[in-house]
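*Asks:*
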Amino acid sequence: MKSERNFIMPKVELNLEDDELKELLLGDRDKAMQSIMAKILDEILKSEATEQIKAKAYERSDERTNSRDGYRVRQLTTRVGSLELHVPKLRHGNFSTQLFKRYQRSEQAFDLALMEMVIQGVSTRKVAEITKKLCGTAFSKSTVSALCNNLDDQVLDFNRRPLTQKYAFVYADAILFKVHRGHVVTSNSLLVAIGIDPSGRREVLGFDIGDSESKAAWMDFFSELKQRGLANVDMFVSDAHCGLKDAITTQFQGSLWQRCQFHFSNDCTSILALNDRKEVANRLKDLFNAPTYDQAVERRDQLVKDWQTEFPKVVKKLENSFDELMVIYQLPEELRKRLRTNSTIERVNQEIRRRDRVIRIFPNDLSVLRLMGALLIEQNEKWAAGPQYLNMTVYHGIEKDDNSEEAGMLKLVK
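Under my numbering, the residues of the sequence shown are numbered 302 to 715, in order.
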């Protein structure tokens, strides 16, 4: 098992009493959920203590480094109510946990978004009910403003920090959201960039609000990243937003651009009848899994032959985009799988969408940056403490092109 600092969620056993189960199924579900959530978090805290001590309670072990000394009670406010948790105490030194810090930053941002919606009169009944359980009815605009300022400073500091390392590979994508602007609801995007650092770990480089289809928005976003230190990027991975692709070409001349194969496959299947989508998706997957570029060309030619009559629109898309999809073959095979799609940002997007389903329409742009920024910061902390994502030893062995406009660019291999 990994050390505590990695904050890998431990496996816990949860035993429900008959009364708790009845309450959950037949009675006060909110009260039952509070009890269950408190039990789960208490078990996580106990498991973290076991990892730090290197022994279970009352266990005799040569590896034991400390012993338990009771616990202290701490309150944690969540969307299911205020939980009373039992934080372990150690006989020597202090028990260390990241649970409260990581849980509360994003929870606070989420709760503040709900509170702002109530204050501005744009909340749904569901949001109003959740906010009342979390905060009662005694919160004011000044209270919300003070809480927002504290969290805004944390997000702003993170999003303005210098980028002092080389990020050989960068994923870029946009996360869509809806926001109130005056009396109108508009759609917009959060532009996000995630890089691979020299150790092979992922790092959130930055984020900002802008039109995902606008070259000007992406130009401004990349310009800010460059001012903070981003340079010498070997390859970008993204979907084929026109504005994004053009901005990469302009701002990072000499960098390769890999079109996301996952998004391309979805683009192709979305124009087909439901009965045909699985077949096309599987054939495209087989194409993308070709071990060499030459074999990929052979599989493409076969697809064109097979689909020319039945799926002419897919054939046209494939022929027009093939070179963009196959840039990944410039890299050693060991690096290709995790650099052929921007699934890294998609997974972050899923976590954000989980919160977005409750809020649905954000009260303002700042609440978007606050909540999504808090979630991205927490994800960044997990990546920093987690395992290597890419084997950069392989990357450092790649021959470089000394004549490229930006030093450090990959040498193109046909």
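All residues carry an ideal CB built from backbone N, CA and C; glycine is no exception.
#1: Alpha carbons only, please: which of Arg601, Leu640, Leu526 is nearest the one belonging to Val505?
#2: Here's a check: name, in chain order, each residue in its chain whose Cβ is nearer than 8 Å to the Cβ of Thr642, leaving out the five neighbours to either side.
#3: Along the chain, where does the beta strand (DSSP E) that runs through Ala473 open and close?
#4: Near Arg373, which residues of its chain fall below 7 Å by C-beta distance, leaving aside the five closest residues on each side in sequence?
#5: Buried or exposed, going by whether 16 or more other CB atoms sit within 10 Å of the CB of Gly483?
#6: Starting from Phe563, trace the alpha helix (DSSP H) in both directions and tell me its first and last residue.
#7: Starting from the C-beta of Ile549, find all residues in its chain whose C-beta is less than 6 Å away, skip the five residues before and the five after it, and write them out in chain order.
#8: With a 10 Å radius around its C-beta and 16 neighbouring C-beta atoms as the bar for buried, classify Arg584 as buried or exposed.
#9: Tyr696 to Pro633, Cα distance in whole Å?
#10: Go ahead and label Gly698 buried or exposed: buried means 16 or more other beta carbons lie within 10 angstroms of its beta carbon, across all protein chains shown.
#11: Using CA coordinates, which residue listed in Asn665, Tyr690, Leu676 is at the minimum distance from Arg487?
#12: So, Asn475 versus Gly507, is the Cβ gap smaller than 9 Å?
#13: Do the CB positions of Val471 and Ile495 come within less than 9 Å of each other?
#14: Can you give me the C-alpha to C-alpha distance between Leu588 and Tyr594, rounded to a whole angstrom?
#15: By the 10 Å Cβ neighbour count, where 16 or more other Cβ atoms means buried, how is Lys617 classified, buried or exposed?
#16: If we ignore side chains and look at the alpha-carbon of each, how far apart do Asn650 and Trp684 end up?
#17: Specify, as a first and last residue, the run of the beta strand (DSSP E) that Arg503 falls within.
#18: DSSP three-state label for Leu585, please.
#19: Quick check: what's the CA-CA separation for Asp624 versus Ala597?
#20: I need the boundaries of the beta strand (DSSP E) containing Ala494, first residue and last residue.
#21: Going by C-alpha distance, which of Asp509, Gln689, Ala532, Phe553 is nearest Ser668?
#22: Please go through the same chain and pick out, in chain order, the residues whose beta-carbon is closer than 7 Å to the beta-carbon of Thr570, but skip the five residues on each side of it.
*Replies:* Result, derived from the coordinates:
#1: Here residue 505 refers to the residue found at position 204 of the sequence shown. Answer by Cα proximity: Leu526.
#2: Within the sequence shown, numbered from 1, the residue matching residue 642 stands at position 341. Result list for Thr642: Val538, Cys561, Gln562, Phe563, His564, in chain order.
#3: For the purposes of this step, residue 473 is taken as the residue at position 172 of the sequence shown. For Ala473, the uninterrupted beta strand (DSSP E) run begins and ends at 470-482, by DSSP.
#4: For the purposes of this step, residue 373 is taken as residue 72 along the sequence shown, with counting starting at 1. Cβ within range, chain order: Val388, Lys390.
#5: Your numbering for residue 483 matches position 182 in the sequence shown. Counting other Cβ atoms within 10 Å of its Cβ, Gly483 stays below 16 and is therefore classed as exposed.
#6: Position 262 of the sequence shown, counted from the first residue, corresponds to residue 563. DSSP places Phe563 inside the alpha helix (DSSP H), whose first and last residues are 562-570.
#7: Counting from one through the sequence shown, the residue named residue 549 turns up at place 248. The residues Phe537, Trp558, in chain order, have a CB closer than 6 Å to that of Ile549 in the same chain once the five nearest residues on each side in sequence are set aside.
#8: Here residue 584 refers to the residue found at position 283 of the sequence shown. Buried, since its Cβ has 16 or more Cβ neighbours within 10 Å.
#9: Counting from 1 along the sequence shown, the entry for residue 696 is found at position 395. Counting from 1 along the sequence shown, the entry for residue 633 is found at position 332. Approximately 8 Å between the Cα atoms of the pair.
#10: Looking up residue 698 in the sequence shown gives position 397. It counts as exposed.
#11: To locate residue 487, count along the sequence shown from 1; it is residue 186. It is Thr, not Arg, that sits at residue 487 in the sequence shown. Of all alpha-carbon atoms in Asn665, Tyr690, Leu676, the one lying nearest the alpha-carbon of Thr487 is that of Asn665.
#12: One-based indexing of the sequence shown puts residue 475 at position 174. One-based indexing of the sequence shown puts residue 507 at position 206. Correcting the residue identity first, residue 475 is Ala in this sequence and not Asn. No, the Cβ-Cβ distance between Ala475 and Gly507 is not below 9 Å.
#13: For the purposes of this step, residue 471 is taken as residue 170 along the sequence shown, with counting starting at 1. For the purposes of this step, residue 495 is taken as residue 194 along the sequence shown, with counting starting at 1. Contact flag set, yes.
#14: Position 287 of the sequence shown, counting from 1, holds the residue named residue 588. Position 293 of the sequence shown, counting from 1, holds the residue named residue 594. Leu588 and Tyr594: Cα-Cα distance of roughly 10 Å.
#15: Locating residue 617 in the sequence shown gives position 316, counting from the first residue. Looking at its Cβ environment, which holds fewer than 16 other Cβ atoms inside 10 Å, Lys617 is exposed.
#16: Translated into positions along the sequence shown, residue 650 becomes position 349. Translated into positions along the sequence shown, residue 684 becomes position 383. Answer to the nearest angstrom: the Cα atoms are 15 Å apart.
#17: The sequence position of residue 503 within the sequence shown is 202, counting from 1. 503-511 is the span of the beta strand (DSSP E), which, as asked, contains Arg503.
#18: As a position in the sequence shown, residue 585 is number 284, starting the count at 1. Here Leu585 sits in helix by DSSP.
#19: Residue mapping note: residue 624 aligns to position 323 of the sequence shown, counting from 1. Residue mapping note: residue 597 aligns to position 296 of the sequence shown, counting from 1. Distance between the alpha carbons of Asp624 and Ala597: 11 Å.
#20: Translated into the one-based positions of the sequence shown, residue 494 becomes position 193. Looking at the DSSP string, the run of the beta strand (DSSP E) that includes Ala494 is 485-497.
#21: Position 367 of the sequence shown, counting from 1, holds the residue named residue 668. Answer by Cα proximity: Asp509.
#22: Translated into positions along the sequence shown, residue 570 becomes position 269. For Thr570, where only same-chain residues beyond five positions count, the Cβ hits under 7 Å are Arg578, Val581, Ala582.
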